[in-house]
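**Q** Residue 0 is where the sequence shown starts when you use numbering that gives the first Met the number 0, and the numbers rise one by one after that.
Here's a structure for you.
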Amino acid sequence: MLRIRQVAVIGAGTMGSQLAALFSGLGLSVRLFDIVPSGASDRLQLPRQALARLRAMKPAPAYLPDDLQAIVPANLEDHLHHLAEADWVVEAVVERLDVKRAVWGGLAAHVRPDAVLSTNTSGLSIAAIAQALPPDRRRRFLGTHFFNPPRYLALLEVVPGPETDPALVRAMVEFGRNILGKGVVVCRDTPYFIANRLGLYGIMATFRAMEELGLDFAAVDAVTGPAMGRPRSATFRTLDLVGLDVLADSLRNLAAALPAEAEHFRVPGVVEQLVQRGWLGEKAGRGFYCREGDQILVLDPATFTYRPRAAVSFASLEAARSREQPGERLRVLLEADDPAGRLAWRVLRDGWRYAAERLEEVAGGRVDAVDQALRWGFGWELGAFEAWDAAGVPETVARMERDGVAVPAAVHELLASGRRGWYERRDGASWFFSPGRGPLPVEEDPRTLTFAARKQAGGLVRSWPGASLVDLGDGVLGVELHSPKDAIGADILVALQAAAEQAPRGWRAVVVGTDRPNFGVGANLVLLLTAAQEGDWEAIDRMVRDFQHTLQALKFLDVPAVAAVTGLTLGGAAEIALHAARIVASAETYMGLVEAGAGLVPAGGGCKEMLLRALALLPQEAEERRGARSMAPPADPMPWIARVFETIATARVSGSAHEARRLGFLGPCDPIVPSRLQLLWAARQEALHLAEAGWKPPRPARVAVAGEDGYAALQLAAYTMQQAGRATEHDVRIAQELARILTGGPVPAGTQVPESYLLDLEREAFGRLCRTPQTQARMLHLLQRGKPLRN
Ligand code: NAI
């Protein structure tokens, strides 16, 4: 196991500075180095400017602003002696072989012999850079290629050079996964490694197909986004984010490094022209797109002017979007004989062919590595070979032949072996076909656990449309959330109730989680709004009671229940998590009780749990004194309660799991896991630890509420917000209801109440708000527009 505590990042540009932010947030000590610009009066000018840029960047490159504070700026003239403290020296200077070699030549004498040395090159030869180091240091040198933005993209390509110690490669893979939270792929030292080589090829194929089919940028983006299982930013919006100068440089470098493919990687004319004009994308304010007010305009390449985007509508796109599974979406698109279908086919066909043709060269025949690199590096739902399997290899190969496209030998070999796809399940494990080698097991992080894999292995216990019970192994019962649009519906409650019922009968623990990017976005508002519009208050009361009972049952379960949260964890989904014995959160968790946006207050026990968490921060002794009504002045709970009030009233959502802890959603014992990929595994471990340590459910709480004085103080706070123009009249109404719940309302301060009393207050407030036209308008707006209404 590598012991890396101190990191020196060399180069405070786009990547170096963001890597420093990420490492600092992961608890490493970071020094950020750059050169001293000639004539600079501040010898730390570059790293200091970089830190200022990081503070202003959106989305935030760090989990918390404090992470940036902890980074120590340094320069490569006055502070080289500090390099001896570094366990890892990672270089991210400009992408030029001469500069990188000069930098490493200069660093070599200052680094410790046991330090890990790595370069973040996008595509230069690791072997060529290593030449700048003395032979004894080359064993400790390798490529560590992160993707931009490094906090948000999961992929880390680890690239050994010819002399890298194989033990170091293994250790770096483990460090990358467990400590840096990355999906790690080991690559061969070939130009642009795996993801960018195939990715850039795909972009060029997209340009070509677009021209042949006479489509424009917006139409291409409509097809090459979620409909094909790729991110919303699709092709050209992504390139605007990357920077068109970066694209052009990469294409030139690739063409130079691969003369046989130079023609394919020639910079498209439109990109040349955009770069010449300085229209480099997002950073220049314009590229393929530009923003005018709140309108997004698209480039007309004939005139180099921007015009409004024409609405893109193809029947196949609509049909594809309605399918949940990415493989199904692909099949729908590929079967369509319209421009969307034809574009998708060409882009996929060329991408698949190239991936198969270059498989040996870039990945040593590892189909799994290629797919992982594409999924983690670009946020695709399926890698090239996975997508190919979903579309059907024999069928698509026949279509390639009809198109007159040469089918690579590797594909003929696959089909000749009698297989119909690149992957297969055998003996409870996943295998892929490696041309020239035959079937090989898919290489996985030993800390990977997914509901999908457990179900494939026969672990499904019961299933509903929105949730399943799954045997996660080692006696842990999993509740998988998988409802449409990630909403918390009635069948999720049924699944949680079934888990609570089953758990004491032979299970050691329960884990609630999901394989999806989001844990959940809140209660399904459709039923609620319908009931409100029909005036069926009893039905609403029943729904809320049912939710409360379910979550109380989870809280007082005889075995520990752990929530594994990630991504959006909002409203009712956050309330589920708040009732678990522990929350295990991936670093990228955006948690909030956002009910106010729908004109409501949390009523599944969310207010109650936040209040209990806040009061738990009070000194115990003072709590007892308050209970005993001693003469000594009690500790004032109001600052804590006011914080909860503000968090819920303003529907605050955390920007990371670390911030969720600051806001009080996570407690001090709730672990944060750097890696989304290891989340479910970590949650199962936590559940088992709790079970082994003899976990007992908590005693039902009794709370000494703040009562009438606190109620008045919070109401005043709400009015002040309205006076300052930060709250509407209805916001104040909601805040008043919230104030009543969090303080117990007009009762004497210190009145002892049970949990059920607080739940009653939540439910009553919820019912009253549902009766108001403003709340109904907010719900309707959310359902129709997906955004809150401030009425
Ligand atoms: P950048 O241009 O933003 O920053 C480069 C930094 O290197 C600057 O701070 C500059 O002052 C410093 N530098 C220049 N000459 C130097 C020298 N002689 N000695 C020491 N430092 C020197 O570049 P960026 O984009 O951060 O790229 C850095 C590396 O990361 C490159 O190898 C690039 O290929 C790679 N990369 C970039 C990605 C991106 O999206 N920008 C993504 C992944 C890798």
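Glycine included, every Cβ here is placed at the ideal spot set by N, Cα and C.
Is the Cβ-Cβ distance between F814 and A354 less than 8 angstroms?
**A** Only positions 0 to 790 of the chain appear in this structure, which leaves residue 814 out of reach.
**Q** Using a Cβ distance threshold of 8 angstroms, determine whether the region 293-308 contacts the region 186-197, with at least three qualifying pairs required.
**A** The region 293-308 is not in contact with the region 186-197.
**Q** Taking all protein chains shown into account, decide if G654 is buried (16 or more other Cβ within 10 angstroms of its Cβ) or exposed.
**A** As a position in the sequence shown, residue 654 is number 655, starting the count at 1. The residue is buried, with at least 16 neighbouring Cβ atoms inside 10 Å.
**Q** Would you decide whether T529 is buried or exposed? Buried here means 16 or more other CB atoms lie within 10 Å of its CB.
**A** Looking up residue 529 in the sequence shown gives position 530. Counting Cβ neighbours within 10 Å, T529 comes out exposed, since fewer than 16 surround it.
**Q** With a threshold of 16 other CB atoms inside 10 Å of the CB of K57, please say whether the residue is buried or exposed.
**A** Locating residue 57 in the sequence shown gives position 58, counting from the first residue. K57 comes out exposed.
**Q** My output table needs one value for P438: the three-state DSSP class, helix, strand or coil.
**A** Position 439 of the sequence shown holds residue 438. The answer is strand: DSSP assigns P438 an E or B state.
**Q** Helix, strand or coil for Q48? Go by DSSP, reduced to three states.
**A** Residue numbering aside, residue 48 sits at position 49 when the sequence shown is read from its first letter. Note: Q48 maps to helix in three-state DSSP.
**Q** According to DSSP, simplified to helix, strand and coil, what is M0?
**A** Within the sequence shown, residue 0 is the residue found at index 1, counting from 1. Coil, per DSSP.
**Q** Report the rounded CA-to-CA distance for E94 versus A83, giving the unit in angstroms.
**A** The sequence position of residue 94 within the sequence shown is 95, counting from 1. The sequence position of residue 83 within the sequence shown is 84, counting from 1. Cα to Cα, E94 sits roughly 25 angstroms from A83.
**Q** Examine the Cβ distances between the region 734-750 and the region 593-608 and report whether three or more of them are shorter than 8 angstroms.
**A** Judged by Cβ distances under 8 angstroms, the region 734-750 makes contact with the region 593-608, as three or more pairs qualify.
**Q** Measuring CA to CA, which of G340, R290, Q324, E327 is closest to A314?
**A** Locating residue 314 in the sequence shown gives position 315, where the first residue counts as 1. Of the listed residues, the one whose Cα sits closest to A314 is G340.
**Q** What is the residue span of the alpha helix (DSSP H) that S793 lies within?
**A** Shown here, the chain extends from 0 to 790; a query on residue 793 therefore has no answer.
**Q** Could you spell out the range, first to last residue, of the alpha helix (DSSP H) harbouring W103?
**A** If you number the sequence shown from 1, residue 103 lands on position 104. Note, W103: alpha helix (DSSP H), 96-106.
**Q** Select from D540, V704, L689 the residue whose C-alpha is nearest the C-alpha of R767.
**A** Taking the first residue of the sequence shown as 1, we reach residue 767 at position 768. It is D540.
**Q** Please confirm whether any heavy atom of the ligand FMN lies closer than 7 angstroms to the CB of M0.
**A** This structure simply doesn't include the ligand FMN; it includes the ligand NAI instead.
**Q** By how many angstroms is the C-alpha of P483 removed from the C-alpha of V219?
**A** Counted from its first residue, the sequence shown places residue 219 at position 220. Counted from its first residue, the sequence shown places residue 483 at position 484. Answer to the nearest angstrom: the Cα atoms are 26 angstroms apart.
**Q** For V168, name the three-state secondary structure that DSSP assigns.
**A** One-based indexing of the sequence shown puts residue 168 at position 169. V168 falls in the helix class under three-state DSSP.
**Q** Compare the Cα-Cα distances from T395 to each of G566, E334, R374 and report the closest residue.
**A** Here residue 395 is taken as the residue at index 396 of the sequence shown, counted from 1. For the residues G566, E334, R374, the minimum Cα distance to T395 belongs to E334.
**Q** I'd like to confirm something about N119: is its beta-carbon nearer than 7 angstroms to some heavy atom of the ligand NAI, or not?
**A** Here residue 119 corresponds to residue number 120 of the sequence shown, with the count starting at 1. Yes, the beta carbon of N119 sits closer than 7 angstroms to at least one heavy atom of the ligand NAI.
**Q** Tell me whether Q324 is buried or exposed, calling it buried when 16 or more other Cβ atoms sit within 10 Å of its Cβ.
**A** Locating residue 324 in the sequence shown gives position 325, counting from the first residue. Q324 should be labelled exposed.
**Q** Cα separation between S629 and L781?
**A** Counting from one through the sequence shown, the residue named residue 629 turns up at place 630. Counting from one through the sequence shown, the residue named residue 781 turns up at place 782. Confidence is the limiting factor: at S629 the pLDDT is only 49, short of 50, which leaves the residue's position unreliable, though a coordinate-based value still follows. Their Cα atoms are separated by approximately 49 angstroms.
**Q** Between the Cα of T447 and those of A586, T302, V266, A681, spot the shortest distance and give me the residue it belongs to.
**A** Translated into the one-based positions of the sequence shown, residue 447 becomes position 448. Nearest of A586, T302, V266, A681 to T447, Cα basis: A681.
**Q** When you compare only the Cα positions, how much space is there between E211 and A318?
**A** For the purposes of this step, residue 211 is taken as residue 212 along the sequence shown, with counting starting at 1. For the purposes of this step, residue 318 is taken as residue 319 along the sequence shown, with counting starting at 1. Their backbone Cα atoms lie some 24 angstroms apart in a straight line.
**Q** Quick check on G175: does DSSP put it in helix, strand or coil?
**A** The residue you call residue 175 lines up with position 176 of the sequence shown. Here G175 sits in helix by DSSP.
**Q** Go ahead and pull the three-state DSSP assignment for D299.
**A** As a working note, residue 299 is residue 300 in the sequence shown. Here D299 sits in strand by DSSP.
**Q** Would you report the Cα separation of R30 and A254, rounded to the nearest angstrom?
**A** Within the sequence shown, residue 30 is the residue found at index 31, counting from 1. Within the sequence shown, residue 254 is the residue found at index 255, counting from 1. When rounded, the distance between both Cα atoms is 36 angstroms.
**Q** Please classify M590: does DSSP put it in a helix, a strand, or coil?
**A** The residue labelled residue 590 in the question sits at position 591 within the sequence shown. In this structure, M590 counts as strand in the three-state DSSP scheme.
**Q** Is DSSP giving H578 helix, strand or coil here?
**A** As a first step, residue 578 must be located in the sequence shown, where it is residue number 579. Here H578 sits in coil by DSSP.
**Q** If you drop the 5 nearest sequence neighbours on each side, which residues of the same chain put their C-beta closer than 7 angstroms to that of G521?
**A** Position 522 of the sequence shown, counted from the first residue, corresponds to residue 521. Result list for G521: A486, I487, L569, G570, G571, A572, V593, in chain order.
**Q** Any heavy atom of the ligand NAI closer than 7 angstroms to the beta-carbon of L45?
**A** Along the sequence shown, read from residue 1 onward, the residue named residue 45 stands at position 46. Yes - the ligand NAI has a heavy atom lying nearer than 7 angstroms to the Cβ of L45.
**Q** Helix, strand or coil: how does DSSP classify F22 here?
**A** Within the sequence shown, numbered from 1, the residue matching residue 22 stands at position 23. In the structure shown, F22 sits in a helix (DSSP, three-state: H, G or I).
**Q** Just how far apart, CA to CA, sit Q44 and L67?
**A** Taking the first residue of the sequence shown as position 1, residue 44 is located at position 45. Taking the first residue of the sequence shown as position 1, residue 67 is located at position 68. Near 16 angstroms, if we compare the C-alpha coordinates of L67 and Q44.
**Q** DSSP beta-bridge partners for H80?
**A** The residue labelled residue 80 in the question sits at position 81 within the sequence shown. According to DSSP, which records beta bridges pairwise, H80 is partnered with nothing at all.
**Q** For A319, report the span of its alpha helix (DSSP H) as first-last.
**A** Your numbering for residue 319 matches position 320 in the sequence shown. Its alpha helix (DSSP H) spans residues 314-320.
**Q** Is the separation between the beta-carbon of D367 and that of V441 shorter than 8 angstroms?
**A** Counting from one through the sequence shown, the residue named residue 367 turns up at place 368. Counting from one through the sequence shown, the residue named residue 441 turns up at place 442. Yes, they are a contact pair.
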